[in-house]
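Here is the structure we will look at.
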Amino acid sequence: MSTFEVIKQYADALEPELKALSIAIHDHPELGEQEVFACQQHCALLEKYGFQVEKNFTGLPTAFKATYRSAKPGPTIAFLAEYDALPGIGHGCGHSILGAVSTGAGIVAKQLLEQTGIGGVIEVYGTPAEETNGNKALMADAGAFDQVDAAMMTHPSDNYYRSGSSLGIVPLRFEFFGKTAHAAACPEMGINALHAVISLFNNISALREHFQPDARVHGVIKDGGKAANVVPDYTMAEFYVRADKKSYLEKLVGQVKNCAEAAALSNGAKVKISNFEACYDNMITNEALSDLFTEKLLEVGVPQVLDARPSKGSTDAGNVSQRCPMIHGHFSISDHGSVPGHTVEFAACAASDYAHQQMMLNVRAFAMSAYELITKPELLQKVKDEFKHAMENR
Ligand SMILES: [Zn+2]
């Protein structure tokens, strides 16, 4: 029997349990960092199929790492699962089925390693809170992916798309501290923290003329003072700073921080700068890995895989992509045209029979990709060489 047929047999046998996993999580939506049920469901299935499961991974209560080590040493191939939902609309981003694809791919790849006796390590990572405090970023900072040779995942969408790019993002909070005073009776006694925050916006607007085209800097004033007859002694603004290259993002963050320092200096206020959420790196697709996965998708019967869609959003998968070679593709869960993400309609698609047929095609294509990476050292070397080059030029 060919490897293709062996994988199909394992995938077919797993299908009822994998679909049950996807539906159970879909019907029991949990917000980021509260995914207790989903985490437990994934871990139980992976343990049943012989993975060693580490819960509370890197100290994150709803993260996990599941590992299967074959008898012989070999490359480490990882699949990344997500399972957080959105407030009010449940699995409107389809992470219920995204996670099932990754866990299913891990299980089938593991079975193939066992059956063929080849050397390698299969890992499945449970990565909480993609929608909010992207735990992949925290896991990457903890070194979780530093030993991984290739990491793969794919996200529900309205069609099949190759893995693309995303912007890096740094969330900055600026707090200005002034001195309160009666705004009419003794304004000379005050230091106006509102003027400092307005200067911050004006300084950034002036700087914008010199931004590279991909840069995005956008913010709001969350506290602008309390009363018109009181000189505000405290104001606070939050900004997202985004760019498509890490080196430029670092420069841009420095410039935006200078805008805040200058704003404070201009009227004697003090400024405190902090991050209010996790920072995400820009996504760097490993094209050699993407070519492999695309080829396997076509082999299992996906009619076409479109070029990556240009994205000006940000994702915590970016942080993983700067630790190890990675792809983050998209797959179709709708057989009736485009359905926008983060809607109840998209959530309904994620539970459909059509979506689960596509889930199984992805599982098979991922397992075949893992097998080729392990059995073709020259292919894995190409993936690693590309990653090394990307890290030298990021
Ligand atoms: Zn999503």
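Using the working numbering, the letters of the sequence shown correspond one by one to residues 1 to 394.
The beta carbon of each residue, even a glycine, is placed where N, CA and C say it ideally should be.
What would DSSP say about residue i, mapped onto helix, strand or coil?
i: N275; result: strand
i: D12; result: helix
i: G134; result: coil
i: E17; result: helix
i: T154; result: strand
i: G117; result: coil
i: R208; result: helix
i: G341; result: coil
i: Q381; result: helix
i: S332; result: strand
i: M326; result: strand
i: R216; result: strand
i: F145; result: coil
i: L289; result: helix
i: H28; result: coil
i: K296; result: helix
i: G94; result: coil
i: Y354; result: helix
i: K270; result: strand
i: K179; result: strand
i: Y371; result: helix
i: I107; result: helix
i: I191; result: strand
So which of the options has the shortest CA-CA distance to residue i?
i: E130; options: E277, A44 and A370; result: E277
i: R141; options: G313, D281, G329 and V339; result: Here the sequence assigns Asp to residue 141, which means Arg is not the residue at that position. Answer by Cα proximity: D281.
i: F4; options: V339, A350, C324 and G301; result: G301
i: F57; options: G50, T116 and A66; result: A66
i: G120; options: D149, A151, V217 and T76; result: T76
i: A348; options: L200, A288 and S157; result: S157
i: V305; options: R162, L98 and C324; result: R162
i: F387; options: C259, A71, A150 and Q9; result: A150
i: S70; options: G90, G106, Q40 and A185; result: G106
i: F293; options: H95, A370 and I89; result: A370
i: V124; options: A367, K382, A260 and P377; result: A367
i: H356; options: Q9, P16 and M1; result: P16
i: A11; options: A44, E287 and R364; result: R364
i: E224; options: V197, A20 and G88; result: Note on residue identity: the sequence assigns Gly, not Glu, to residue 224. For G224, the nearest C-alpha among the options comes from V197.
i: L112; options: N133, R394, E372 and K312; result: E372
i: Q34; options: E114, T132, M1 and I89; result: T132
i: A317; options: G74, G164, D385 and K55; result: G164
i: A20; options: G90, H42, I7 and Q147; result: H42
Enumerate in chain order the residues of its own chain whose CB-to-CB distance from residue i is below 8 Å, with the five nearest sequence positions on each side excluded.
i: M391; result: Q322
i: V256; result: L172, I204, L207, V217, F239 and V241
Tell me which same chain residues have a C-beta within less than 6 Å of the C-beta of residue i, skipping the five on either side of it?
i: F331; result: T154, Y160, Q358 and N362
i: K251; result: none
i: L18; result: A100 and G104
i: E47; result: V53
i: V231; result: T180, A181, A183, G190 and N192
i: V339; result: D158, E345, F346 and C349
Kindly give me the distance between the Cβ atoms of residue i and residue j, rounded to whole angstroms, as I take these residues to be in contact under 8 Å.
i: H342; j: L86; result: 6 Å
i: K136; j: V320; result: 5 Å
i: F176; j: A262; result: Going by Cβ atoms, the distance from F176 to A262 rounds to 12 Å, so no, they are not a contact pair.
i: L289; j: V148; result: At roughly 12 Å, the Cβ-Cβ gap does not stay under 8 Å, so L289 and V148 are not in contact.
Quick one: residues in its chain with C-beta nearer than 7 Å to the C-beta of residue i, no 5 flanking neighbours on either side, listed in chain order?
i: T395; result: The chain is shown from 1 up to 394; residue 395 falls before or after that span and cannot be answered.
i: T127; result: A63, L80, A81, E82, N135, K136 and M139
i: N267; result: I191, N192, H195 and A196
i: I23; result: A351
i: S334; result: D158 and C349
i: P73; result: G119
Quickly, what does DSSP pair residue i with across the bridge? List them, please.
i: D223; result: M236
i: I169; result: R242 and Y280
i: Y125; result: K65 and L80
i: Y248; result: None; Y248 has no bridge partner.
i: A55; result: Residue 55 is actually Lys in this sequence, not Ala. DSSP lists F64 as partners of K55.
i: V230; result: H182
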